[in-house]
Every structure is written in structure tokens, then in C-alpha cells.
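Asker: Before we start, here is the structure in question, set down as C-alpha cells.
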Amino acid sequence: MAFETIIVDIEDSVALITLNRPDALNALNSKLLGELGEAVRDASRNDKVRCIVITGSDKAFAAGADIGEMSERSFVDMFSNDYMGEQVRNLLACRKPIIAAVAGYALGGGCELAMMCDFIIAADTAKFGQPEINLGVVAGIGGSQRLTRFVGKSKSMDMHLTGRFMDAEEAERSGLVSRVVPAKKLKEEALACAAKIAEKSQIATMAVKEAVNRSYETTLSEGILFERRLFHALFATEDQKEGMAAFLEKREAQFRDK
Ligand code: CO8
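Quick look at the structure:
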């Protein structure tokens, strides 16, 4: 399927989705977020795909929601049409792992999109921010909630209230990103990481995603119980038998997602 605002490349078991509105620093308009949701849904349904990478350009992962598209809208329009609600739900519905590979600006909705992915690999050029305050608004697709969980209240308040940017080093130190790599190697490192994940049992990677995400939604004891039940349940899979047998036989496991 051909898209206008993103490019999808599927190689082996990894789908690489590149945001592609270079003239607007990949600003997220309805078309782009709609196409991204469709591409992620297609990848979810494609048995060949086992991990997804979302990336942007060297200059910008995404510089936010498209200000030109939003500026003249009314409250009634935004509210009654639930602006961007459906597109975001499509992204979050994906059960396969999604890595955000971020170089350059990840601002506003761009930072929020990166945080909606399962983890973020940053280039040393990455700059994160929630500068909506400068436009007289607040974050709209999870920034105030997710950034606070990633970096804590004090730094999140600082970012949202001042609109300042955080560089890659600070983002790693604060727990926003999992690792920082040289900009030139970003795509290569993200794809290698995705390929490594793609080698695992898909039943187990889906279970990991559900378990870790549950930690944001529930109490510690409920989350730990949920995790233990998932752990027990995986003993019903052939992949658990294969994984443990392979370790004991000192060989590579051959997972079959069964
Ligand atoms: N929307 C629309 N166009 C943009 C955006 C944007 N967010 N960001 C950049 N552009 C465009 C510029 O207008 C410019 O276009 P043109 O060449 O036609 O004038 C082009 O991209 C290049 O940008 P600059 O010339 O400004 O490039 P600089 O290198 O000088 O500056 C910056 C780069 C610092 C990233 C600057 O462009 C900037 O500050 N951009 C806006 C950042 C911002 O405020 N982001 C938050 C937007 S609001 C938001 O994200 C709310 C999220 C929740 C909404 C819920 C639905 C998604």
C-alpha cells in the first residue's frame, strides 16, 4: 500500500516506518497519523513482521502536531471529532514491539509519539520537548502523563512549564530513552535491536509488552500477580519447552510461536 506521508520498508521480520514530511519537520497532521496508524495495523496483521521501528529524518523525528492544521479549529470541532483520538488508539492497539528511533527534534506530539512506542533509542542529536505552553495549550496525546512517569514530576513540570528542550544525554540520564547512539548509526542500531527482538518467541515478546505496560495501569501487587500468571501461562507453549531445552543442550533456540 502506498502512503503519502510515511515510507514503509519491510525487510526480513522488521517493518521500518519512516515519517516523511521533510518540509514540515515531520509535523503530525491527520493524514500522517492516520497513515501511521494504518501502517502499524498492517504490520500487526502481517505474520512476517515481528518488530516495528518508527523513525524520522536526521533533523526531526517529528516537530509536533501540525500547528497549521490546528490553529483555526474550534473547541466544538476538536472535541466532537475527538481530534487524533482514533489515530492514537490505532497505534496503541499494536501488540508487537515498537521501537522509536529518534534523531533531531521530538517535540510536542513528536515526543508523545516516541513515548507511545515501547522504548526509545536516541541519536546523540536528539532533542525532546513539550513546548505546547508556548502556543497557549498543553500536551494532547499523553505528554503530561507519560513524560511524568518516565522522568518524574519535577523534570516533567520543568519541561511542560518552560517548554525547554532536553538533549539526548539528559534524556538517557532521566530514563526517557533506553540508549543513545551516534546519529550516523541510529538506523543501523535500531534495526539490529529490532532484529534481535524478532528472533524471540513472539508469544513471549507480546507477553512482555502486556506485562510492562500493565505496570503503568495498576497497583504493584496486581501487576506482579498479572506477571506471575503470564509466566505460568507461558508453560503451555512449545516455545517455553524449546527455549529451556535449548539452554540445557547449549544450542540456539528455534522458536515457532507456538
Ligand atoms: N507544525 C507545522 N509546521 C511545522 C512545525 C509544526 N509543529 N514545526 C516545524 N514546522 C515547519 C515550519 O513552519 C517550517 O515551514 P516553512 O519552511 O514552510 O516555514 C519548517 O517546518 C521548518 O521549520 P523552521 O523553519 O521553524 O526550522 P528551525 O530549524 O528554525 O526550527 C523548530 C525548528 C525549533 C523545531 C521549530 O520549527 C519549532 O519550534 N517548531 C514547532 C515546535 C512545536 O511547538 N511543537 C509543538 C506543536 S503542538 C503539539 O504538538 C500538540 C500535541 C498534541 C496534539 C494532539 C494531536 C496530535
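Its first residue numbered 9, the sequence shown is counted upward by one per residue in my numbering.
We put the CB at the ideal spot given by N, CA and C, even for glycine.
(1) Grab the span of the alpha helix (DSSP H) containing D247 for me, first residue to last.
(2) Taking the alpha-carbon of A122 as reference, which of S209, I149, D265, T170 has the nearest alpha-carbon?
(3) Could you round the C-beta distance between I60 and A51 to whole angstroms and report it? I think they count as a contact, below 8 Å.
(4) Measure the Cβ-Cβ separation of A32 and F69 and say whether it is below 8 Å.
(5) Looking only at C-alpha atoms, which of E12, A10, V22, F11 sits nearest to A198?
(6) Would a C-beta distance cut-off of 8 Å place R222 and F239 closer than the cut-off?
(7) Could you give the C-beta distance for A35 and F11, rounded to a whole number, given that I count them as a contact under 8 Å?
(8) Taking 7 Å as the cut-off, is the beta-carbon of L44 closer than that to any non-hydrogen atom of the ligand CO8?
(9) Kindly indicate which residue of S229, Q95, G160, T213 has the alpha-carbon position closest to the one of M124.
(10) How close, in whole Å, do the beta carbons of A131 and A111 come, if the pair is a contact with beta carbons under 8 Å?
(11) Spell out a yes or no on whether the segment 77 to 93 and the segment 202 to 218 are touching, meaning 3 or more CB-CB pairs, one atom from each, closer than 8 Å.
(12) Can you tell me the Cα-Cα spacing of N28 and A73, whole angstroms?
(13) Under a three-way DSSP split, which group does M78 fall into?
(14) CB of E94 to nearest heavy atom of the ligand CO8: below 7 Å?
(15) Among the candidates K135, S186, L184, whose CA atom is the shortest distance from the CA of D175?
(16) Please name the residue in T245, P139, F87 whose C-alpha comes closest to that of I75.
(17) So that I know if they touch, is there some Cβ in chain C lying closer than 8 Å to that of F136?
(18) May I ask you to check if the CB of G144 is nearer than 7 Å to at least one heavy atom of the ligand CO8?
(19) Going by C-alpha distance, which of A212, D166, F243, I129 is nearest K192?
Answerer: Once the coordinates are examined:
(1) D247 -> alpha helix (DSSP H) spans 246 to 256.
(2) With distances taken between Cα atoms, A122 lies closest to I149.
(3) 5 Å between Cβ atoms; contact.
(4) With respect to the 8 Å criterion, A32 and F69 are not classified as neighbours on the basis of their beta carbons.
(5) The option with the nearest alpha carbon to A198 is V22.
(6) No.
(7) That pair is no contact at about 16 Å.
(8) L44: no, Cβ never under 7 Å from the ligand CO8.
(9) Ranked by Cα distance from M124, the options S229, Q95, G160, T213 are led by Q95.
(10) With a Cβ gap of about 4 Å, A131 and A111 count as contacting.
(11) The segment 77 to 93, when compared against the segment 202 to 218, does not touch it at the 8 Å Cβ threshold.
(12) Going from the Cα of N28 to the Cα of A73 covers about 14 Å.
(13) Correct three-state label for M78: helix.
(14) Not under cutoff, so the answer is no.
(15) Considering only alpha carbons, the answer is K135.
(16) The residue with the shortest Cα to Cα distance from I75 is P139.
(17) Checking the listed chains, one finds no chain C in this structure; it contains a single protein chain.
(18) No - the ligand CO8 has no heavy atom lying nearer than 7 Å to the Cβ of G144.
(19) Ranking A212, D166, F243, I129 by CA distance to the CA of K192 puts I129 first.
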